[in-house]
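Heads up: the structure comes next, in structure tokens.
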Amino acid sequence: LQKMGIKGLSKVIADFSPNAITERTMNSFFGRTIAIDASMSLYQFLIAIRQDGSQLSAESGETTSHLIGMFYRTIRMVENGIKPVYVFDGKPPVLKSDELDKRTERRTEAEEKYADAVQAGDSEAINKFSRRLTKVSKEHVDECKRLLELMGIPYIEAPCEAEAQCAALVKAKKVFAAATEDMDTLTFGSDIMLRYLTFSEAKKMPIKEFRFDDVLHGLNMTHEEFVDFCILLGCDYCPTIKGVGPKKAYDLIKQYRNLETIIEKLDKKKYPIPENWQYKAVRKLFLEPEVIDCNTIELTWKDPDEQGLITFLVNEKNFGHNRVVNGCAKLLSARRSSTQGRIDSFFTVLVTKKKRPADQSSSKATAKKGKGKK
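Each residue of the sequence shown is one higher than the one before, starting from 74 at the first, in this note's numbering.
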């Protein structure tokens with residue numbers, strides 16, 4: 074995948090904090106505002122390609138998978154009473170440059186293998202390597218921003234990592250949850266994180282809700298210890314200690330509680346520490362990320378611009394006229410009905426003061442142990 078997040082984290086949570094994961098349906102977020110990691114969603118839409126490895130495209134041959142995905146998935150969310158706000162990546166942090174270099178190498182390798190597969194007529198390999206070559210371009214991003222404006226859906230341009238901004242919005246209570254496939258959204262401290270929200274209905278994937286407080290409770294860690302644990306597991310910003318897998322990482326954090334002590338006590342012959350290991354800078358990046366101050370952010374949803382959408386999607390991108398008009402009607406009707414809001418918004422004071430004991434017992438039944446990916 075294009076983004077890694079934290080290696081093996083969802084499996085660790087499923088094993089050690091199963092109560093932190095609840096399976097949900099989309100309509101259970103009726104009336105909720107949700108921050109969506111836009112780059113991650115776009116990547117998903119772009120790899121949702123045909124079996125022959127080609128992407129959905131307009132008559133001119135240019136790719137439209139990203140627009141089709143964003144238009145219909147956003148409508149589906151809005152019809153379920155969700156108020157989405159998309160968050161786009163800004164510049165990558167300097168610490169990510171090594172990871173980005175590795176990705177460039179992997180792309181070059183995939184290009185060669187893709188060419189071989191085409192020559193051999195191996196459709197399975199063509200599909201596999203064309204996915205690896207998928208990249209979200211500036212043009213994809215700009216077109217999606219234009220689409221969102223016409224749909225009346227707000228978006229934010231993060232100064233740096235989108236998932237850090239999503240987490241900040243959740244912490245500031247501007248949104249209810251962050252939706253992404255990138256597990257480091259939890260490392261950035263998002264109270265609630267949703268996986269599979271923007272997946273297609275055809276995939277039949279229940280939405281997984283992760284609650285950060287319950288994750289920490291199950292692992293018996295503070296946020297700071299959890300960040301150090303994630304650095305040991307493997308993140309996008311620095312290498313890991315060779316030989317330290319998830320079980321060893323967990324045991325080390327439980328025993329020593331921070332990376333400084335772990336480095337001091339660890340057998341360096343058996344577990345060599347990476348050269349110039351910048352774990353302190355990475356820790357700071359997770360605990361104090363570069364984000365927009367959420368108090369300065371105003372989120373507004375507007376009625377869709379039907380004529381603008383017809384011009385863009387039908388005239389320029391060859392979408393079917395009726396589909397776009399129907400999509401606009403769905404957006405408008407959902408906007409009219411969503412003003413009811415959630416009944417429980419009247420009881421937020423009571424909910425926030427109490428821990429949810431009922432939630433914990435019921436989530437035991439729904440949590441799938443050890444099913445996490447990534």
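The beta-carbon is built from N, C-alpha and C at its ideal position, and this holds for glycine as well.
Do you know offhand how far A93's Cα is from F392's?
Translated into positions along the sequence shown, residue 93 becomes position 20. Translated into positions along the sequence shown, residue 392 becomes position 319. About 41 Å.
Which residue from C303, L339, G400, S83 puts its Cα closest to that of G142?
Position 69 of the sequence shown, counting from 1, holds the residue named residue 142. Ranking C303, L339, G400, S83 by Cα distance to G142 puts G400 first.
Tell me the DSSP bridge mates of F261?
Numbered from 1 along the sequence shown, position 188 holds the residue referred to as residue 261. DSSP, once it has assigned bridges, lists no residue as partnering F261.
For T147, which of helix, strand or coil comes out of DSSP?
Counted from its first residue, the sequence shown places residue 147 at position 74. Helix, per DSSP.
Considering only the alpha carbon of each residue, which of L140, C303, I107 lies closest to V160?
In the sequence shown, the residue the question calls residue 160 occupies position 87. For V160, the nearest C-alpha among the options comes from I107.
8 Å Cβ shell around L386 - same chain, five flanking residues per side excluded:
Translated into the one-based positions of the sequence shown, residue 386 becomes position 313. Closer than 8 Å at the Cβ level, and outside the excluded window around L386, lie L140, F144, L220, F392, V397.
If you draw a straight line from the C-alpha of V167 to the C-alpha of C308, how long is it?
Your numbering for residue 167 matches position 94 in the sequence shown. Your numbering for residue 308 matches position 235 in the sequence shown. Approximately 14 Å, taken between the alpha carbons.
Less than 8 Å separating the beta-carbons of N331 and E298?
On the sequence shown, position 258 is the one that residue 331 refers to. On the sequence shown, position 225 is the one that residue 298 refers to. In this structure, E298 lies closer than 8 Å to N331 by Cβ.
Since Y323 is in the alpha helix (DSSP H), which residue starts that stretch and which ends it?
Position 250 of the sequence shown, counted from the start, is the residue given in the question as residue 323. It spans 319-329 - the alpha helix (DSSP H) in which Y323 sits, taken as one unbroken run.
Residues of its chain near H302, where Cβ-Cβ distance is below 8 Å and the 5 sequence neighbours each way are ignored
Here residue 302 refers to the residue found at position 229 when the sequence shown is read from its first residue. The sequence as given places Phe at residue 302; His does not occur at that position. Cβ neighbours of F302 beyond the five flanking positions: L292, M294, A322, Y323, I326.
For T260 and S114, believed in contact at Cβ under 8 Å, the rounded distance:
Position 41 of the sequence shown holds residue 114. Position 187 of the sequence shown holds residue 260. Contact doesn't hold; Cβ gap of about 20 Å is too wide.
May I have the straight-line CA-CA distance separating T384 from P312, to the nearest angstrom?
Position 311 of the sequence shown, counting from 1, holds the residue named residue 384. Position 239 of the sequence shown, counting from 1, holds the residue named residue 312. If I take the Cα positions, the gap works out to 48 Å.
V167: first and last residue of the uninterrupted alpha helix (DSSP H) it sits in
Position 94 of the sequence shown holds residue 167. That residue, V167, is in no alpha helix (DSSP H); it is neither H nor E in DSSP.
D110, DSSP secondary structure in three states:
The sequence position of residue 110 within the sequence shown is 37, counting from 1. Residue state, collapsed to three classes: strand.
Have a look at K441 and A245 and give me their C-alpha separation to the nearest angstrom.
Here the question's residue 441 lines up with position 368 in the sequence shown. Here the question's residue 245 lines up with position 172 in the sequence shown. Because K441 sits at a pLDDT of 38, beneath the cut-off of 50, its placement in the model cannot be relied upon, and the following sentence gives the value as read from the coordinates. Answer to the nearest angstrom: the Cα atoms are 30 Å apart.
Would you tell me roughly how many angstroms separate the C-alpha atoms of E212 and T98, rounded to the nearest one?
For the purposes of this step, residue 212 is taken as residue 139 along the sequence shown, with counting starting at 1. For the purposes of this step, residue 98 is taken as residue 25 along the sequence shown, with counting starting at 1. Cα to Cα, E212 sits roughly 33 Å from T98.
Need the endpoints of the alpha helix (DSSP H) that R396 sits in, please.
Your numbering for residue 396 matches position 323 in the sequence shown. Start and end: 394-410.
Taking Cβ to Cβ, would you say V158 is nearer than 8 Å to V248?
By 1-based counting over the sequence shown, the position of residue 158 is 85. By 1-based counting over the sequence shown, the position of residue 248 is 175. Yes, they are a contact pair.
Below 8 Å on the Cβ atoms is my contact criterion, and I expect P377 with M224 to pass it. Report the Cβ-Cβ distance as a whole number of Å.
Stepping through the sequence shown from its first residue, residue 377 is reached at position 304. Stepping through the sequence shown from its first residue, residue 224 is reached at position 151. Confirmed, about 5 Å.
Start and end residues, beta strand (DSSP E) containing F283
What you label residue 283 is simply residue 210 of the sequence shown in a count that begins at 1. F283 -> beta strand (DSSP E) spans 280-284.
Inter-residue spacing [alpha-carbon to alpha-carbon] between K276 and A235:
Your numbering for residue 276 matches position 203 in the sequence shown. Your numbering for residue 235 matches position 162 in the sequence shown. For K276 and A235, the distance between alpha carbons rounds to 25 Å.
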